[in-house]
Amino acid sequence: MVALQLTPSVVSYNLLISGNAGAGRTEKAAKLFTKMVSARVPPDIISCNALLHGCAKARKPAEAQQWYSKMKSLSLSPDEITYTSLIESCTRSGDVTGADDWLRTMVEAQLTPDEVAYTSVLTGFARASDVVEAQRVLCDIRSSQLEPDLVAYTALASASARAGDPEGIQTVFRDIYAAALQPNLLTWTAAIAACARARPPRPREAERAFQSMIRQSREPDEVALRRLEEAVGPHRAAVLCRGLRLPGDVVKSTRTKRAVTHSHDLPLMTDALRDVYYAFAGGSEMDGRAFVKCLKDSGLLDERLKTVQADLIFARCKQKGARKMSFDRFVGALHEEQLIDGQHLRFMD
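Quick note: the sequence shown uses the numbering used here, first residue 8, plus one each step.
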């Protein structure tokens, strides 16, 4: 353009700045801005917002703050796009407090945040596992006469999942259905994860959530299956997938390498042994004290002698070098003591 002796306009510069900033080339965009000023072409709000957007994508909140100050020095009034970019620059870099501060500044400037701005802050609190603040932002969305979307609800569900709070998940699901929305795969995965991380874990609730997800035609991905395994254990997860007639590749993706003897007979277990299985929290190992407690609670031992029997069984396992107990080793010990039929994984008469 210069070679043709044409003078670049603000529109020309804005196109170049936007293209480079949007592609992550923030330094080149900044040089174009400087060149624009040197050429005495006055930048406008579009020029600055393009740079702010680039900083948000590049996760550079400090640089975004500098461009905000530059905008003010040029007597340009920040708009909704300006503040939304500042908010996103903070949330994407993990600074949710900074994002919340920008949201407050936006409101104080008598500008109305949209769903994107609110949801960005809500998502930031959710990633930080701050359920209380995430819920507060959700209330702010509603008080602003806006309707939270599924992204907001799913972010809140994820926060409840990280906190191991199944009750919080249930509240989110009620809100989703009340808003005439449908949970997506991420929402259902959060529900299963909350059951896995609850203390104590809630495997049966995780099963129900998984079954409901399938009924709504949400095919599980690898993450959902991994959360299911964490909640109910790999063996039970494989049984659930087969029982729900999921595609073969989905069933294969469940990790069954640690399968107990004849894992396809897991449904034949009585409730007592299944409760012991669940106590292992998806395949984790137990120390001696927890192992003995599981034995005593299993209903497999003589009620009058269960403490002595449990200690003896664990002592035998220790003699074989087992300091930590996996569920497979646990079942093996029960079989050796002739407390269960190892072939069918059922209680002996």
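The beta carbon of each residue, even a glycine, is placed where N, CA and C say it ideally should be.
Note that the structure is a prediction, hence the values are computed from the model and not measured.
Whole-angstrom Cβ separation of residue i and residue j, contact assumed at under 8 angstroms?
i, j, result
"E122", "L163", "Not really, about 14 angstroms apart at Cβ, beyond 8 angstroms."
"A133", "S165", "5 angstroms"
"V144", "V128", "5 angstroms"
"A201", "D172", "6 angstroms"
"K64", "G101", "Not quite, the Cβ-Cβ distance comes to about 15 angstroms (not below 8 angstroms), so this is no contact."
"Y75", "P85", "7 angstroms"
"L232", "A244", "7 angstroms"
"I221", "L188", "Actually they do not touch by this definition, with Cβ atoms about 19 angstroms apart."
Can you say whether residue i is buried or exposed, counting buried as having 16 or more other CB atoms within 10 angstroms of its CB?
i, result
"D70", "A quick correction: the sequence has Glu, not Asp, at residue 70. The residue in question, E70, is buried, as its Cβ has 16 or more Cβ neighbours within 10 Å."
"Q142", "buried"
"C146", "exposed"
"R204", "buried"
"D107", "buried"
"A322", "exposed"
"P360", "With the chain covering 8 to 356 only, the question about residue 360 has no answer from this structure."
"S184", "The question names Ser, but residue 184 in the sequence shown is Tyr. The residue is exposed, with fewer than 16 neighbouring Cβ atoms inside 10 Å."
"S92", "buried"
"R225", "buried"
"T196", "buried"
"P49", "exposed"
"V267", "Per-residue confidence for V267 stands at a pLDDT of 35, beneath the threshold of 50, marking its modelled position as unreliable; the derived number appears in the next sentence. Classification for V267: buried."
"T126", "buried"
"V139", "exposed"
"R111", "exposed"
By the DSSP assignment, the alpha helix (DSSP H) with residue i in it spans what residues?
i, result
"V17", "V17 to G29"
"S92", "E87 to T98"
"D156", "Per DSSP, D156 belongs to no alpha helix (DSSP H) and is neither H nor E."
"E212", "P210 to R222"
"G61", "I52 to K64"
"P49", "From DSSP, P49 is part of no alpha helix (DSSP H); its letter is neither H nor E."
"R225", "Premise fails: R225 is in no alpha helix (DSSP H) and is neither H nor E."
"A186", "It is not in any alpha helix (DSSP H) - A186 carries neither H nor E in the DSSP assignment."
"L253", "Unbroken run through L253: none, as it is neither H nor E."
"R204", "L192 to R204"
"L39", "T33 to S45"
Compare the Cα-Cα distances from residue i to each of the options and report the closest residue.
i, options, result
"R206", "D102, I183 and E237", "E237"
"K370", "T91, D228, C55 and I94", "Because residue 370 is not part of the residues shown, which for the chain are 8 to 356, the question remains open."
"I88", "K79, M113, S100 and G29", "M113"
"P208", "Q218, A170 and R225", "A170"
"I199", "P190, E212, L188 and Q189", "E212"
"C62", "P49, S82, S25 and K79", "S25"
"M43", "A231, V230, R243 and T14", "T14"
"I148", "W74, S167, D137 and T119", "T119"
"S167", "K35, R47 and T130", "T130"
"L192", "L22, D228, R233 and P241", "D228"
"K35", "V179, L58, P50 and A46", "L58"
"V17", "I53, R181 and A37", "I53"
"W109", "Q72, K79, R234 and D137", "Q72"
"H60", "L253, S96 and Y160", "S96"
"G175", "D137, S150 and D51", "D137"
Using the three-state DSSP reduction, which class does residue i fall into: helix, strand or coil?
i, result
"R243", "helix"
"T14", "coil"
"T119", "coil"
"E174", "helix"
"V114", "helix"
"M8", "For M8, the pLDDT reaches just 49, beneath the cut-off of 50, and the residue's location in the model is therefore unreliable, although a value from the coordinates is still provided. Coil."
"K77", "helix"
"D137", "coil"
"R149", "helix"
"S165", "helix"
"T268", "Because the pLDDT at T268 is just 32, under 50, the model does not fix this residue reliably, and the value given afterwards should be weighed accordingly. It is coil, neither helix nor strand."
"L319", "helix"
"L83", "coil"
"G101", "coil"
"P68", "helix"
Measure from the C-beta of residue i to each C-beta in chain B and report whether the shortest distance is under 9 angstroms.
i, result
"Y160", "As a matter of chain content, chain B is missing from the structure shown, which is built from one protein chain."
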